[in-house]
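Visitor: Using the working numbering, the letters of the sequence shown correspond one by one to residues 2 to 319.
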Amino acid sequence: MSKILKVAIVGAGYMASEHLKAFAATGEAEIVGITSRTRPRAEQLVADFPGVVVYDSLEEMYRETLADIVVVTVTELHMADVAKRCFQFPWLVLLEKPAGYNLADAEDIHVAALARQTRVYVALNRRAYSSTRQAVQRLADNDGPRFIKVLDQQDQHAALTIHKNPPLMVENYMFANSIHLIDYFRVLGRGEVVSVENICRWDPQNPGLVLALVTFSSGDKGLYEGIWNGPGPWVVTVNTPSERLEMRPLEQVLVQRYGERRNEPLEIDPMDSQYKPGLLFQARQTLHAARGEPAELASLEDALKSMELVARIFNMGA
Numbered sequence: 002m003s004k005i006l007k008v009a010i011v012g013a014g015y016m017a018s019e020h021l022k023a024f025a026a027t028g029e030a031e032i033v034g035i036t037s038r039t040r041p042r043a044e045q046l047v048a049d050f051p052g053v054v055v056y057d058s059l060e061e062m063y064r065e066t067l068a069d070i071v072v073v074t075v076t077e078l079h080m081a082d083v084a085k086r087c088f089q090f091p092w093l094v095l096l097e098k099p100a101g102y103n104l105a106d107a108e109d110i111h112v113a114a115l116a117r118q119t120r121v122y123v124a125l126n127r128r129a130y131s132s133t134r135q136a137v138q139r140l141a142d143n144d145g146p147r148f149i150k151v152l153d154q155q156d157q158h159a160a161l162t163i164h165k166n167p168p169l170m171v172e173n174y175m176f177a178n179s180i181h182l183i184d185y186f187r188v189l190g191r192g193e194v195v196s197v198e199n200i201c202r203w204d205p206q207n208p209g210l211v212l213a214l215v216t217f218s219s220g221d222k223g224l225y226e227g228i229w230n231g232p233g234p235w236v237v238t239v240n241t242p243s244e245r246l247e248m249r250p251l252e253q254v255l256v257q258r259y260g261e262r263r264n265e266p267l268e269i270d271p272m273d274s275q276y277k278p279g280l281l282f283q284a285r286q287t288l289h290a291a292r293g294e295p296a297e298l299a300s301l302e303d304a305l306k307s308m309e310l311v312a313r314i315f316n317m318g319a
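1) Hey, is the segment 82-96 in contact with the segment 117-130, meaning 3+ C-beta pairs nearer than 8 angstroms?
2) Going by the DSSP bridge assignment, what does C201 pair with across the sheet?
3) CA-CA distance, D303 and L67?
4) Please report the residue range of the beta strand (DSSP E) in which I35 lies.
5) Beta-carbon within less than 7 angstroms of S132's beta-carbon, same chain only, minus the 5 sequence neighbours each way: which residues are those?
6) Is A159 buried or exposed, if buried means 16 or more other CB atoms sit within 10 Å of its CB?
7) Could you tell me which residues DSSP puts in a beta bridge with T238?
8) Sort I10, E19, S307, G220 by Cα distance to D322 and report the nearest one.
9) Under 8 angstroms from any heavy atom of the ligand MN, does the C-beta of V215 make it?
10) According to DSSP, is A124 helix, strand or coil?
11) Can you check whether the CB of G34 is closer than 9 angstroms to the CB of M16?
12) Compare the Cα-Cα distances from H79 to each of E198, G209, A177 and report the closest residue.
13) So what does DSSP say about M308, is it helix, strand or coil?
14) Applying the criterion that 16 or more other CB atoms from any shown protein chain within 10 Å of the CB defines a buried residue, is H164 buried or exposed?
15) Return helix, strand or coil for A291, following the three-state DSSP convention.
16) Going along the chain, which residues of its own chain have a beta-carbon closer than 6 angstroms to the beta-carbon of E297, five neighbours each way excluded?
17) Label I5 either buried or exposed according to how many other C-beta atoms from any shown protein chain fall within 10 Å of its C-beta, with 16 as the threshold for buried.
18) Given this structure, state the Cα-to-Cα distance separating A319 from E108, to the nearest angstrom.
19) In whole angstroms, what separates the C-alpha of D142 from that of E226?
20) Please tell me whether A100 has its Cβ less than 9 angstroms away from any Cβ of chain C.
21) Expressed to the nearest angstrom, what Euclidean distance is found between the alpha-carbon atoms of S243 and V137?
22) Indicate whether the contact test is met: 3 or more Cβ pairs, each with one atom in the segment 305-313 and one in the segment 180-191, closer than 8 angstroms.
23) Would you list the one or two residues that DSSP bridges to P266?
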């Protein structure tokens, strides 16, 4: 039986709740504390978890718990400040994605983590989806070239008016939300990104269609198609000489073999329907990482590369 590790949470929103449930379900973690700017929300969040103590500050929470892991679920605009405070302590840090509201903010966080030599990972939970892991495993048996197509849809107007997101976050919505899709290029493509050709360029004054061709050192190709302020689903497809994989919705994966018309669904882990998809697997991987064991988890440096790809697709420097 593995040693029970102590987990603390920063933030008291929806994702804090989902991480709490996932870590509790592993049977290998004890949720020991939570802190948030809004103490009543934190108290309400852990009402069904009597062993979780609500703390008034991050510093107090570490001092009283000596937690092994801290999960940071604050909003993008507060991530840098909170992350840097977390780096002062020797726990493993899991940052909710994205790690920064834009590339410059993410790079600033990365520099601070390096200075403190902190172990930092980013919760790119779509990597942990059962569908994504099945797709990666399926593709491992195919040596042929890959063509990856990512169809993204974003609505800045709804983000600003309906969901009441801050204007600065909405201006950088490709980092806050499109990264969910763009990260798939680096998950499914082999090698490093060697070029990004902007076919239809991002126009912040008139958001619409964005097209970009991504080329990898392996020869794999990717096409990003972003539909901004218009209708469209989230879809990821991968074509090889022998098979075509389609994730639509992303939580499922279909396989079409060369010469056949039918699509075969791959089996999905039932845990992805009992918990927010990917989070239970991700929680277990975080525990592995905290123990110094191999883990399928995105490091901050790895996540930063996906942030850099977002910036290249949208012609946005640091």
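Cβ atoms here follow ideal geometry from the backbone N, Cα and C, with glycine treated the same way.
Guide: The structure says:
1) Under the 8 angstroms Cβ criterion, the segment 82-96 counts as touching the segment 117-130, having at least three qualifying pairs.
2) Along the sequence shown, read from residue 1 onward, the residue named residue 201 stands at position 200. Paired residues: L212.
3) Taking the sequence shown and counting its residues from 1, one reaches residue 303 at position 302. Taking the sequence shown and counting its residues from 1, one reaches residue 67 at position 66. Looking at the two C-alpha atoms, the distance is approximately 27 angstroms.
4) By one-based count along the sequence shown, residue 35 stands at place 34. Where I35 is concerned, the enclosing beta strand (DSSP E) starts and stops at 30-36.
5) Here the question's residue 132 lines up with position 131 in the sequence shown. Excluding residues within five positions, the ones whose Cβ falls inside 7 angstroms are M248, L251, E252, Q253, V254, I269.
6) The sequence position of residue 159 within the sequence shown is 158, counting from 1. A159 is exposed by the Cβ-count criterion.
7) Residue numbering aside, residue 238 sits at position 237 when the sequence shown is read from its first letter. Bridge partners of T238: K150, E247.
8) No information on residue 322 is available, as it lies outside the stretch 2 to 319 that the chain covers here.
9) Absent from the structure shown: the ligand MN. Ligands present: none.
10) Reading the sequence shown from its first residue, position 123 is the one you call residue 124. In this structure, A124 counts as strand in the three-state DSSP scheme.
11) The residue labelled residue 16 in the question sits at position 15 within the sequence shown. The residue labelled residue 34 in the question sits at position 33 within the sequence shown. No, they are not a contact pair.
12) Counting from one through the sequence shown, the residue named residue 79 turns up at place 78. Comparing Cα-Cα distances from H79 to each of E198, G209, A177, the minimum goes to A177.
13) The count along the sequence shown starts at 1 and reaches residue 308 at position 307. Correct three-state label for M308: helix.
14) Position 163 of the sequence shown, counting from 1, holds the residue named residue 164. Classification for H164: exposed.
15) Reading the sequence shown from its first residue, position 290 is the one you call residue 291. Three-state result, A291: helix.
16) Taking the sequence shown and counting its residues from 1, one reaches residue 297 at position 296. Closer than 6 angstroms at the Cβ level, and outside the excluded window around E297, lie Q286.
17) Looking up residue 5 in the sequence shown gives position 4. I5 should be labelled exposed.
18) As a first step, residue 319 must be located in the sequence shown, where it is residue number 318. As a first step, residue 108 must be located in the sequence shown, where it is residue number 107. Only weak support exists for where A319 lies, its pLDDT of 49 falling under 50; the coordinates are left without a value.
19) For the purposes of this step, residue 142 is taken as the residue at position 141 of the sequence shown. For the purposes of this step, residue 226 is taken as the residue at position 225 of the sequence shown. For D142 and E226, the distance between alpha carbons rounds to 27 angstroms.
20) You won't find chain C in this structure, because it holds only one protein chain.
21) Translated into the one-based positions of the sequence shown, residue 243 becomes position 242. Translated into the one-based positions of the sequence shown, residue 137 becomes position 136. Separation of S243 and V137 (C-alpha to C-alpha, rounded to the nearest whole angstrom) is 15 angstroms.
22) yes
23) Here residue 266 refers to the residue found at position 265 when the sequence shown is read from its first residue. Answer is L255.
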